[in-house]
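Asks: Have a look at the structure that comes next, please.
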Amino acid sequence: MTERLTDLMQRAVDDLRVPPAPTERVVAQGRAVRRTRRRTAAAVTAAVVLVAGIGVGATWRGTSEVEPARPDDTGRAEDLAGNGPALAVGSTVVLDGGDVIARVGADAVRSLYYTSAGVVVRHGTDAAQDGSAVMRFSLLTASGSLTRLPIELQSAVPSTDPTEPYLAFSTVAEGTVQVVVLDVRDGVEAARVPVPQVAKWGAWTSPVVSLDGDTVYVGSAEGSVSVDWRTGEVTETAEVDVYPDVRGGHTIATADGAPIVVDVATGELLAGTTGRSGMLSLSPDGRYARVGERIVDLETQAITRVGLRGPIGWSPSDEPFTLDGDRLTTCSPTTGECVETRLDLPAGAGSDDVRLGGVTYES
Amino acid sequence: MGQDATPGLPSFTEFVEVAWPGLYRTAYLLLGDHQLAEDLVQDALAKTYASWRRVREPAAARAYARTVLVNTAASWFRRRSWRREWPTDELPETATGHDPSDRPAVVAALRTLPPRQRAVVVLRYFDDLSVREVADTLGISEGTVKSQTSHALDRLRVALGDDVVPAPARGLPRSRP
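Protein sequence lines, in the order shown, are assigned to chains A and B.
Per full-length UniProt numbering, the very first residue in the first sequence carries number 1; after that it's consecutive.
Per full-length UniProt numbering, the very first residue in the second sequence carries number 1; after that it's consecutive.
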């Protein structure tokens, strides 16, 4: 029945002029990818405990072959449909720019974390971020299903990568820091890696972590480290401070008192600011940095201005957005064009009750 | 290259030379643009290079590279700016007046499909993967593959005509298992 379609597609590419394979460029780029995934200098291998690993963990475990049919390590295919901003007002969570609305019971939402499986919602008895109460976590998917995750944390600062279905956090067991990676699709631990190299981490009950691909960056007052959670490899990481925030291999650092963006693997300066420029914010996949209403494309160095005021979040696809009352404004980071949407939100909510995706709300 | 240690496996550079044309054609059908197709395949093979030491047999390498390619395309599609620029929800009015046998017609028709439907069609009817293989590659259920295929064929039928994509016979499955 579809033979003609197959034939047409075949003929459409039969006489295509296929350019020669740029093998050298592929290899050079591949090496850069590998460096980003795993920094090997001065590595100390730690034991990795894969606990009932599934998904990618199971794909690589037991056999060292590349399996042909698991797309998870490069972003889940469900995301082909795309998704828009996530935000919360009180206990009401809005996904995809208003396409999905759910409530997390009587709890107040404290933070939203983008993952490839949906948005992880951190919630508790109030919206405070001072570590005074236990935080619960739920996964809200694009289909509207809300599932509690089997963890409760107090002041630990968790992290996600929007292209991966994992939540990473740290804990301290018998005096030793452990990095835990939770598969949010089923709440099962994918990995637990001891990190004895980290002993001082500031005021938090356990170190702050940042998940970026296969790497969990662990903040330390004595020199932060990166952990390849699939192998357990631990590496010193010069470019990351005690509060790591790494996205797409990029992180925010400070030079002469001014925030800058650097490449974690190479230390290359990608964007700088003057000390008066204000706070820098990285987009979820690290391609863009925002200072005020200026968006910098870190690949092209192009600067785009967006007409947004007030707290600004990021959609999982790197679009800055704001919520003003019930008015959601989402802008393109490349053209500055904005689209306004009216949302059906609970009445009487104050701005203190609002949480935007892509924004850190940590004490 | 330091990547070619597995006995019986072609070196990575040999793999690139062999796999490049097929991946490029798949990428072109997915994207409809030569330069973007080249960039996509280069990205996919670079990611494959980064995992090459774990490869043990050529078929797995090809399938892995194709999966990476599709998922890299997916990450491009996620950007709204991309969605504005490329795929369109507007169907051509009808197939009347088109010559469905020319390359622009089929490539243009594919570009009217939402990204996942386009990926399903290209993988099934160009790369000749089974429903199960497409589901595995895209990380979706077989049921979703079938429904996406059905929707995609409906749209392609409008764009290319019944001669190219005949309507399914009543009572018969629309797609092969």
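A virtual CB, placed ideally from N, CA and C, is assigned to each residue, including glycine.
Residues of chain A with CB under 7 Å from K146(B), in chain order?
Replies: The residue you call residue 146(B) lines up with position 146 of the second sequence. By Cβ distance, chain A contributes nothing, its closest Cβ being about 13 Å from K146(B), past 7 Å.
Asks: What number of angstroms, rounded off, separates the C-alpha of A65(B) from the C-alpha of S51(B)?
Replies: In the second sequence, residue 65(B) corresponds to position 65, counting from 1. In the second sequence, residue 51(B) corresponds to position 51, counting from 1. Each residue's Cα considered, the two are about 10 Å apart.
Asks: Taking Cβ-Cβ distances shorter than 7 Å, what residues in chain A pair up with E38(B)?
Replies: Numbered from its first residue, the second sequence carries residue 38(B) at position 38. Per Cβ cutoff of 7 Å: P19.
Asks: On the DSSP letters alone, give me the boundaries of the alpha helix (DSSP H) that R124(B) sits inside.
Replies: Stepping through the second sequence from its first residue, residue 124(B) is reached at position 124. First-last for R124(B): undefined, no H or E at that position.
Asks: Residues bridged to Y166(A) by DSSP?
Replies: Locating residue 166(A) in the first sequence gives position 166, counting from the first residue. According to DSSP, Y166(A) bridges with D183(A).
Asks: Please look up how many angstroms separate the CB atoms of G144(A) and A133(A), rounded, as I've assumed it's under 8 Å.
Replies: Position 144 of the first sequence, counted from the first residue, corresponds to residue 144(A). Position 133 of the first sequence, counted from the first residue, corresponds to residue 133(A). Not a contact, Cβ separation roughly 27 Å.
Asks: Is there at least one Cβ from chain B nearer than 8 Å to P22(A)'s Cβ?
Replies: Stepping through the first sequence from its first residue, residue 22(A) is reached at position 22. By this cut-off, P22(A) is an interface position.
Asks: For L23(B), I'd like the list of residues in its chain whose CB is within less than 8 Å of its CB, leaving aside the five on either flank, ordered along the chain.
Replies: Locating residue 23(B) in the second sequence gives position 23, where the first residue counts as 1. Closer than 8 Å at the Cβ level, and outside the excluded window around L23(B), lie V41, A44, L45, A65, R66, L69.
Asks: In whole angstroms, what is the alpha-carbon distance linking G357(A) and A19(B)?
Replies: Taking the first sequence and counting its residues from 1, the one referred to as residue 357(A) is at position 357. Taking the second sequence and counting its residues from 1, the one referred to as residue 19(B) is at position 19. Distance between the alpha carbons of G357(A) and A19(B): 40 Å.
Asks: At the level of alpha carbons, what is the spacing between D214(A) and A168(A)?
Replies: Walking along the first sequence from the start, residue 214(A) turns up at place 214. Walking along the first sequence from the start, residue 168(A) turns up at place 168. Computed Cα separation, rounded: 11 Å.
Asks: Taking the alpha-carbon positions, what's the G143(B) to S224(A) distance?
Replies: As a working note, residue 143(B) is residue 143 in the second sequence. As a working note, residue 224(A) is residue 224 in the first sequence. One C-alpha to the other measures close to 46 Å.
Asks: What number of angstroms, rounded off, separates the C-alpha of G53(A) from the C-alpha of D228(A)?
Replies: Counting from 1 along the first sequence, the entry for residue 53(A) is found at position 53. Counting from 1 along the first sequence, the entry for residue 228(A) is found at position 228. With a pLDDT of only 21 at G53(A), under the threshold of 50, the placement of this residue in the model should not be trusted; the figure read from the coordinates follows. Roughly 15 Å separates the two Cα atoms.
Asks: Does DSSP put P68(A) in a helix, in a strand, or in coil?
Replies: Locating residue 68(A) in the first sequence gives position 68, where the first residue counts as 1. Caution applies to P68(A), whose pLDDT of 29 falls short of 50 and renders its modelled position unreliable; the model cannot decide the point.
Asks: Interface residues of chain A around A46(B) at Cβ under 7 Å?
Replies: Counting from 1 along the second sequence, the entry for residue 46(B) is found at position 46. Near A46(B) (Cβ distances below 7 Å), the residues of chain A are V26, Q29, G30, V33.
Asks: Taking a contact to mean a Cβ-Cβ separation below 8 Å, would you say Y114(A) touches P158(A) in this structure?
Replies: As a first step, residue 114(A) is located in the first sequence; it is residue number 114 there, counting from the start. As a first step, residue 158(A) is located in the first sequence; it is residue number 158 there, counting from the start. The answer is no: Cβ separation not under 8 Å.
Asks: Would you say T112(B) faces chain A, with C-beta separation under 8 Å as the test?
Replies: Position 112 of the second sequence, counting from 1, holds the residue named residue 112(B). No, no contact with chain A.
Asks: Answer with yes or no whether the minimum CB distance from T13(B) to chain A is below 8 Å.
Replies: Taking the second sequence and counting its residues from 1, one reaches residue 13(B) at position 13. With 8 Å as the cut-off, T13(B) counts as an interface residue toward chain A.
Asks: Quick check on this structure: which residue in R136(A), V180(A), D186(A) has the alpha carbon closest to the alpha carbon of V208(A)?
Replies: Here the question's residue 208(A) lines up with position 208 in the first sequence. With distances taken between Cα atoms, V208(A) lies closest to V180(A).
Asks: How is the beta strand (DSSP E) around V210(A) delimited, first residue to last?
Replies: On the first sequence, position 210 is the one that residue 210(A) refers to. The displayed chain sequence assigns Ser, not Val, to residue 210(A). Start and end: 209-212.
Asks: Could you work out which residues of chain A lie near D163(B), taking near to mean beta carbons separated by less than 8 Å?
Replies: To locate residue 163(B), count along the second sequence from 1; it is residue 163. Correct list: R4.
Asks: Would you say S281(A) and A289(A) are within 8 Å of each other, going by their C-beta atoms?
Replies: Position 281 of the first sequence, counted from the first residue, corresponds to residue 281(A). Position 289 of the first sequence, counted from the first residue, corresponds to residue 289(A). In contact: S281(A) and A289(A) (Cβ atoms closer than 8 Å).
Asks: Identify, in the order they occur along the chain, each residue of the same chain with its Cβ nearer than 6 Å to the Cβ of I101(A), setting aside the five sequence neighbours on each side.
Replies: Along the first sequence, read from residue 1 onward, the residue named residue 101(A) stands at position 101. So the list reads V94, once near-sequence residues are dropped.
Asks: Which same chain residues, not among the five before or five after Q148(B), have their C-beta less than 7 Å away from its C-beta?
Replies: Residue mapping note: residue 148(B) aligns to position 148 of the second sequence, counting from 1. These residues qualify, in order along the chain: R116, Q117, V120.
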